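A.B. asks: Mind looking over this structure? Questions follow.
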Amino acid sequence: SSNSIFVDTQNNTIDIVDNITSINIRKTNLDGSLNLAGANLQIIEADESGKPSTDKTGKEVIIDTIETQDENTVIQGLKIGTYILREIDAPAGYLLTEYIVFKINEDGTVTSTASSDGSTIIMRDAHNEIFISKTAISGS
Numbered sequence: 002s003s004n005s006i007f008v009d010t011q012n013n014t015i016d017i018v019d020n021i022t023s024i025n026i027r028k029t030n031l032d033g034s035l036n037l038a039g040a041n042l043q044i045i046e047a048d049e050s051g052k053p054s055t056d057k058t059g060k061e062v063i064i065d066t067i068e069t070q071d072e073n074t075v076i077q078g079l080k081i082g083t084y085i086l087r088e089i090d091a092p093a094g095y096l097l098t099e100y101i102v103f104k105i106n107e108d109g110t111v112t113s114t115a116s117s118d119g120s121t122i123i124m125r126d127a128h129n130e131i132f133i134s135k136t137a138i139s140g141s
């Protein structure tokens, strides 16, 4: 979390307040026109290069597992640092998407190629498309 510092010169005090970080995760179809519920996502601790952090046993450090809803999912209290957002189950009819690396900055904002406003990460899924063609036994 980031800090706010308040100096009171009359009472000779300094108050340091921890601000709780807050990010929004939005799961959508490819063009962003439809929010998708039912995706299961993991937030994984990462090093600055975006590689997953591991514990003493070599397992990835999973911070949280969430299921998306029809609206943005709010995650609060992540420490300043780098994380991976990984989809482990896509909504029905959609394909798994690439993971997203994001960073919580000192000021509490989010930096990611999947965020344009500094607070919302948008993960997009493609439809699982199946093409069926039918021909007669004669081939026509």
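All residue numbers for the sequence shown refer to the numbering used here, where the first residue is 2 and numbers rise by one. Every residue gets a Cβ at the ideal spot worked out from N, C-alpha and C, and that includes glycine. None of these values were measured; they are calculated from a predicted model.
Nearest CA to the CA of N126: which residue from I24, D16, D32?
C.D. replies: By one-based count along the sequence shown, residue 126 stands at place 125. Before going on, a small fix: residue 126 reads as Asp here, not Asn. Nearest of I24, D16, D32 to D126, Cα basis: D32.
A.B. asks: The beta strand (DSSP E) that contains Y84, what's its start and end?
C.D. replies: Within the sequence shown, the letter at position 83 stands for residue 84. Here the beta strand (DSSP E) through Y84 covers 82-90.
A.B. asks: Assign I133 to one of three DSSP states: helix, strand, or coil.
C.D. replies: Position 132 of the sequence shown, counting from 1, holds the residue named residue 133. Residue state, collapsed to three classes: coil.
A.B. asks: Are T69 and A115 touching if we call contact CB-CB under 7 Å?
C.D. replies: The sequence position of residue 69 within the sequence shown is 68, counting from 1. The sequence position of residue 115 within the sequence shown is 114, counting from 1. Contact check for T69 against A115 fails: the beta carbons are separated by 7 Å or more.
A.B. asks: Could you check how far apart the C-beta atoms of I15 and V8 are, in whole angstroms? I think they sit under 8 Å.
C.D. replies: Taking the first residue of the sequence shown as position 1, residue 15 is located at position 14. Taking the first residue of the sequence shown as position 1, residue 8 is located at position 7. That pair is a contact at about 5 Å.
A.B. asks: The beta strand (DSSP E) that contains V62, what's its start and end?
C.D. replies: Here residue 62 refers to the residue found at position 61 of the sequence shown. From DSSP, V62 is part of no beta strand (DSSP E); its letter is neither H nor E.
A.B. asks: With burial defined as no fewer than 16 other Cβ atoms inside 10 Å of the residue's Cβ, what is the status of K60: buried or exposed?
C.D. replies: Numbered from 1 along the sequence shown, position 59 holds the residue referred to as residue 60. Residue environment analysis places K60 among the exposed positions, since fewer than 16 neighbouring C-beta atoms fall within 10 angstroms of its C-beta.
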